[in-house]
Amino acid sequence: MEELINGFTGFAKKNIMQAPRFSQRAEAPTGDHLNFDPDELAEIEPQDRRWSWLEIDLNAIRNNVRVSKNQIGYGCRLCAVVKADAYGHGAVRVAKTALNSGAEYLAVATVDEGIQLREAMINAPILLLCQPPRTAIPLCLGYKIMPSIYTPEFAIEYGETAHAYGVTAPFHLAINTGMNRIGVRYDQVVEFLRSVSFHAQLDLVGTFTHFATADCPETFDFEIQARRFVEAVNTMQASGFDPGIVHCSNSAALLRYPNVHFDMARLGISLYGFHPCDETRGFYNLQPAMSVHARITDTRTLALNDGVSYGLHYRGTGGNHICTLPLGYADGFNRLLSGKTNVIFEGRLHPQVGNICMDQCMFEYLPPRREVLPRLPQIGDEVLLVGKQGNAEITIDQLAKECGTIPHEIAINFSHRMPRRFV
Ligand SMILES: *Cc1c(COP(=O)(O)O)cnc(C)c1O
2 MEELINGFTG
12 FAKKNIMQAP
22 RFSQRAEAPT
32 GDHLNFDPDE
42 LAEIEPQDRR
52 WSWLEIDLNA
62 IRNNVRVSKN
72 QIGYGCRLCA
82 VVKADAYGHG
92 AVRVAKTALN
102 SGAEYLAVAT
112 VDEGIQLREA
122 MINAPILLLC
132 QPPRTAIPLC
142 LGYKIMPSIY
152 TPEFAIEYGE
162 TAHAYGVTAP
172 FHLAINTGMN
182 RIGVRYDQVV
192 EFLRSVSFHA
202 QLDLVGTFTH
212 FATADCPETF
222 DFEIQARRFV
232 EAVNTMQASG
242 FDPGIVHCSN
252 SAALLRYPNV
262 HFDMARLGIS
272 LYGFHPCDET
282 RGFYNLQPAM
292 SVHARITDTR
302 TLALNDGVSY
312 GLHYRGTGGN
322 HICTLPLGYA
332 DGFNRLLSGK
342 TNVIFEGRLH
352 PQVGNICMDQ
362 CMFEYLPPRR
372 EVLPRLPQIG
382 DEVLLVGKQG
392 NAEITIDQLA
402 KECGTIPHEI
412 AINFSHRMPR
422 RFV
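Numbering (the numbering used here), first residue to last: 2 to 424.
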């Protein structure tokens with residue numbers, strides 16, 4: 002080994018001595034060369050800077066809103082859940098599209114997500130699906146982001162701060178009916194409201210709970226939660242508290258349980274075209290909005306036993322056509338998918354091979370069986386990693402199954418290094 006390295010060093014040195022020096026060959030520019038104009042450089046499109054991108058089909062979003070509106074019927078509001086950058090689809094564009102096609106309300110998970118929508122001139126009511134730190138109260142009031150409230154301390158400080166600013170303090174009451182994540186316990190709601198209701202600024206705009214098992218085949222636990230929620234709302238009304246907008250359905254409940262729609266349904270995963278569970282498949286025409294695209298950046302043909310990617314776990318049988326794509330697990334193309342997913346090229350599936358790297362991955366082009374001289378893929382050719390072309394389809398559901406997770410996580414993980422193109 003040492004000999005090999007020593008030998009190599011000597012070889013490299015000799016070559017460097019003989020190599021022409023680049024500085025002697027390159028001519029310095031002499032006057033009529035191009036200047037770099039930052040404004041012109043800024044016009045180079047994202048997909049011309051990097052050959053991998055996401056496409057978001059806003060028509061699919063429109064379709065999914067319409068399907069959901071039909072399901073909940075007239076008089077029930079639709080709240081588009083656009084948290085986590087609209088499940089990775091781009092919060093501002095999705096929110097505007099959803100509002101233009103029938104949604105009346107928006108929901109986010111953090112104060113900053115709400116501020117991003119306001120800064121994009123979105124005026125619809127925004128519900129924050131949590132109770133933020135008390136230090137964030139001025140932001141909630143300033144940007145009109147309604148918090149979910151479940152502690153008296155927060156409620157009182159929220160009311161007092163609103164009073165100081167001379168505004169009202171709208172909020173939704175979160176009730177815990179069994180998921181045990183956030184909320185006032187379902188049988189302590191009236192007690193809670195009595196402890197804060199002296200505050201004139203506080204304005205109870207809505208009352209909600211969240212289901213733990215709306216997407217599970219078993220319906221028993223769901224029914225218990227639904228019953229506790231109805232009881233809590235009835236008790237509120239009987240004690241003189243107006244619950245405002247009553248809501249509890251997520252996507253799964255919206256599609257499966259028409260009797261719990263009440264005044265509003267919160268549409269998350271199916272807004273983006275994914276089925277929350279197998280039970281809803283086949284009944285609703287949801288269209289996935291996200292597809293993942295890349296262009297080939299390099300190609301080669303393997304000799305027998307040549308390996309591919311870190312670990313060289315994939316080995317060639319001789320003559321394999323390997324193509325490289327410029328996206329990897331840093332872009333959200335999960336490394337657990339290595340060797341377990343396909344790409345679509347010219348309407349047919351080809352296997353991804355070798356470990357998925359941080360920024361790149363490889364696939365093997367399989368020529369059509371009957372073709373004698375197939376056109377081999379070239380640098381710059383487009384492939385699909387998620388989407389549908391001809392009879393070939395790769396879904397985020399399939400990727401989620403391979404990774405042992407749910408489609409939410411796969412979609413959200415496509416990072417901001419991937420440009421989003423709205424079509
Ligand atoms: C995320 C979330 C939703 C949306 O759920 P989906 O299953 O994606 O429809 C609804 N309500 C609350 C409280 C949530 O946190």
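The beta carbon of each residue, even a glycine, is placed where N, CA and C say it ideally should be.
Between the C-alpha atoms of residue i and residue j, what's the straight-line distance to the nearest angstrom?
{"i": "Met180", "j": "Met122", "result": "35 Å"}
{"i": "Asp206", "j": "His173", "result": "For the sequence presented, residue 206 should be read as Val rather than Asp. The straight-line gap from Cα to Cα measures roughly 6 Å."}
{"i": "Lys389", "j": "Pro378", "result": "19 Å"}
{"i": "Asp299", "j": "Glu114", "result": "39 Å"}
{"i": "Ala266", "j": "Ser250", "result": "5 Å"}
{"i": "Pro139", "j": "Met291", "result": "35 Å"}
{"i": "Ile225", "j": "Glu219", "result": "12 Å"}
{"i": "Ala331", "j": "Asn101", "result": "34 Å"}
{"i": "Asp307", "j": "Gly319", "result": "8 Å"}
{"i": "Val93", "j": "Ile411", "result": "20 Å"}
{"i": "Asn36", "j": "Ile45", "result": "15 Å"}
{"i": "Leu79", "j": "Val190", "result": "25 Å"}
{"i": "Lys97", "j": "Arg119", "result": "11 Å"}
{"i": "Phe193", "j": "His409", "result": "34 Å"}
{"i": "Thr281", "j": "Glu56", "result": "25 Å"}
{"i": "Met363", "j": "Thr208", "result": "50 Å"}
{"i": "Leu129", "j": "Met419", "result": "27 Å"}
{"i": "Asn64", "j": "Gln48", "result": "26 Å"}
{"i": "Asp38", "j": "Glu105", "result": "43 Å"}
{"i": "Asn60", "j": "Phe423", "result": "10 Å"}
{"i": "Asn124", "j": "Gln117", "result": "12 Å"}
{"i": "Ala428", "j": "Val387", "result": "The requested residue 428 is not part of the displayed model; the chain covers only 2 to 424."}
{"i": "Phe212", "j": "Thr178", "result": "8 Å"}
{"i": "Cys404", "j": "Phe199", "result": "51 Å"}
{"i": "Cys217", "j": "Cys278", "result": "7 Å"}
{"i": "Met237", "j": "Phe155", "result": "20 Å"}
{"i": "Arg370", "j": "Arg301", "result": "20 Å"}
{"i": "Cys358", "j": "Gly245", "result": "51 Å"}
Taking a contact to mean a Cβ-Cβ separation below 8 Å, would you say residue i touches residue j in this structure?
{"i": "Ser271", "j": "Ser69", "result": "yes"}
{"i": "Gly329", "j": "Gln288", "result": "no"}
{"i": "Val261", "j": "Ala253", "result": "no"}
{"i": "Ala393", "j": "Ile345", "result": "yes"}
{"i": "Asn356", "j": "Ser416", "result": "no"}
{"i": "Gly317", "j": "Leu303", "result": "yes"}
{"i": "Val384", "j": "Leu326", "result": "yes"}
{"i": "Leu454", "j": "Ala81", "result": "With the chain covering 2 to 424 only, the question about residue 454 has no answer from this structure."}
{"i": "Trp54", "j": "His351", "result": "no"}
{"i": "Asn343", "j": "Ile395", "result": "yes"}
{"i": "Phe263", "j": "His276", "result": "no"}
{"i": "His164", "j": "Gln202", "result": "yes"}
{"i": "Tyr258", "j": "His90", "result": "no"}
{"i": "Tyr151", "j": "Ile183", "result": "yes"}
{"i": "Ile407", "j": "Ala85", "result": "no"}
{"i": "Val112", "j": "Ile146", "result": "yes"}
{"i": "Glu232", "j": "Tyr187", "result": "yes"}
{"i": "Ala99", "j": "Ile62", "result": "yes"}
{"i": "Gly103", "j": "Arg67", "result": "yes"}
{"i": "Val373", "j": "Glu365", "result": "no"}
{"i": "Cys141", "j": "Pro148", "result": "yes"}
Please find out if some non-hydrogen atom of ligand 1 comes closer than 7 Å to the beta-carbon of residue i.
{"i": "Lys84", "result": "yes"}
{"i": "Arg418", "result": "no"}
{"i": "Arg267", "result": "yes"}
{"i": "Asn177", "result": "no"}
{"i": "Ile270", "result": "yes"}
{"i": "His173", "result": "no"}
{"i": "Pro277", "result": "yes"}
{"i": "Asn65", "result": "no"}
{"i": "Leu59", "result": "no"}
{"i": "Ala253", "result": "yes"}
{"i": "His262", "result": "no"}
{"i": "Leu130", "result": "yes"}
{"i": "His211", "result": "yes"}
Taking residue i and residue j to be in contact with their CB atoms under 8 Å, please state how far apart those CB atoms are, rounded to whole angstroms.
{"i": "Val95", "j": "Ala87", "result": "4 Å"}
{"i": "Gly1", "j": "Tyr315", "result": "Nothing can be reported for residue 1, as the shown portion of the chain is limited to 2 through 424."}
{"i": "Phe223", "j": "Thr210", "result": "About 11 Å separates the two Cβ atoms, so there is no contact after all."}
{"i": "Ala175", "j": "Gly160", "result": "That belief does not hold up - the Cβ atoms of Ala175 and Gly160 are roughly 17 Å apart, past 8 Å."}
{"i": "Arg296", "j": "Asp204", "result": "That belief does not hold up - the Cβ atoms of Arg296 and Asp204 are roughly 53 Å apart, past 8 Å."}
{"i": "Leu256", "j": "Gln399", "result": "Not quite, the Cβ-Cβ distance comes to about 21 Å (not below 8 Å), so this is no contact."}
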